[in-house]
Amino acid sequence: MIKINRLLKQKIAVKNARKKSLLISEDASLYLPLVKATSFEEEETLMLPIADAQSTQFVDINKDIKPFGFAYYRPQNMFYSLMYCWQREFGYCRLYDEGCAAFSMIIDCEPIYFDYAGKKWMIEFWKGQYGMTTGCEIGVYNTTIPYIDIPNIFHGTFYEAVPDEDRMPMAFTLIKKDKILFYRSELHWWLTGFRLGEFSEPEELTMHAQITLKDNEMRDAFIGGLMRAGYKKNEIAYRETTVGFVYDKPKSKQPFTRTPILEFMMQTNNKRNCFAYNEATKLIGDPLDKFVFVKNEAPKMYNKMLNIRQSQNIFKDFELLNKYNLESKAAAMGIKEQK
1 MIKINRLLKQ KIAVKNARKK SLLISEDASL YLPLVKATSF EEEETLMLPI ADAQSTQFVD
61 INKDIKPFGF AYYRPQNMFY SLMYCWQREF GYCRLYDEGC AAFSMIIDCE PIYFDYAGKK
121 WMIEFWKGQY GMTTGCEIGV YNTTIPYIDI PNIFHGTFYE AVPDEDRMPM AFTLIKKDKI
181 LFYRSELHWW LTGFRLGEFS EPEELTMHAQ ITLKDNEMRD AFIGGLMRAG YKKNEIAYRE
241 TTVGFVYDKP KSKQPFTRTP ILEFMMQTNN KRNCFAYNEA TKLIGDPLDK FVFVKNEAPK
301 MYNKMLNIRQ SQNIFKDFEL LNKYNLESKA AAMGIKEQK
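Okay, so the sequence shown: first residue is 1 according to the UniProt record's numbering, each after it adds one.
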């Protein structure tokens, strides 16, 4: 009788959740609002400068930061990654996560692995301190190559950023101590957000993430990946092909390079830089005016703040991986053609 009542309550909860456009876990213990992502065409319109006296400043900051693969979104005072940025050509692998701490990125990493449609997939979630910014990311990657082998350097799977047809509607809300920092929802392959001058420890941040998969098969494969990573059924909410979960404490094993000593050193430096930026601009109200002030008065700090995620450094150091991946892919295609 108790079991029947429990099942009935779950059935009613699911029915109510659908009416209210909520994602819900199987045992009806986790509810998340369903967020519908816009298309990337709409994204370009959203990011146009508003027509006021600061439009020129807006254009200038985005012109300066574009070579780094990012842009600035004024309504939420955040930086975000461009759809067609140069980072898309480099792909991703575990070694990149291992290199983050050395570049002042003290971040939690949560890679989710699964197989679908003859490909190996990785959808990874990140949150934490990226130098002078607090931020989070969702990246979607896949590959048909089982692994690459670079003697004495790397042996494992190297994933490529997905093409346009494999982009997915994604959304996140980044919360720090019960306060929403920012949120984003787009059709994308690499959805990101970064707040300049905000210092955080990764454990202070909670990311409410959701992603809409291609079909039920892919949804189930992704949920399977979440469960293999350590998530329980009652920690995963879904509706149709959209899956959501709360990412606070990572379930995955974190990079071994993120040692307590290195983390302390890098976070001390990050905190100092954030303090210096905030102290130098504390009498300036508008973020755009702050950027202009730093650009004119502290060009070294300005260049440091533009290099979000240290992309130009970390990807340059691992360029050899991308080369090997392309060679492995070409070799595999050649074997396939011969067959």
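For each residue, glycine too, the CB sits at the ideal point set by N, CA and C. On a predicted model such as this, the values are computed, not experimentally measured, just so you know.
Check	Outcome
Alpha carbon of residue 306 to alpha carbon of residue 82, nearest angstrom	14 angstroms
Same chain only: Cβ atoms within 7 angstroms of residue 69, ignoring 5 sequence neighbours per side	81, 82, 85, 86, 87, 311
contact_flag[the region 203-221, the region 106-117] where n(CB pairs < 8 angstroms) is 3 or more	yes
Residue 135, DSSP secondary structure in three states	strand
Those runs of the beta strand (DSSP E) which lie wholly inside the region 252-322 and span at least 3 residues	none
Distance between residue 211 and residue 119 (C-alpha atoms, nearest Å)	18 angstroms
When 136, 243, 241 are compared against residue 192, the one with the closest alpha-carbon	136
Rounded separation between residue 259 and residue 78 - CA only	29 angstroms
Residue(s) in a DSSP beta bridge with residue 236	245
Where the alpha helix (DSSP H) containing residue 58 begins and where it ends	55-65
Stretch pair the region 232-252 + the region 272-280: three plus CB contacts closer than 8 angstroms	no
Whether residue 142 touches residue 164 by CB criterion (8 angstroms)	no
Enclosing beta strand (DSSP E) for residue 341 [first to last residue]	In the structure as shown, the chain starts at 1 and stops at 339, and residue 341 therefore has no counterpart that could be examined.
Residue 127 versus residue 182 - alpha carbon distance	13 angstroms
With 16 other Cβ atoms within 10 Å as the buried cut-off, status of residue 202	buried
Residue 171 to residue 190 span [Cα, whole Å]	11 angstroms
Cut-off 7 angstroms between Cβ atoms - residues of its own chain near residue 188, not counting five sequence neighbours on either side	40, 83, 167, 170
From 26, 236, 103, residue whose alpha carbon lies closest to that of residue 208	236
Residue 25 to residue 239 span [Cα, whole Å]	9 angstroms
Rounded C-alpha distance that separates residue 138 from residue 176	18 angstroms
Local Cβ density within 10 Å of residue 104, reported as buried at 16 or more and exposed below that	buried
Extent of the continuous beta strand (DSSP E) to which residue 32 belongs	31-33
Own chain residues within Cβ distance below 6 angstroms of residue 295, not counting five before or after	302
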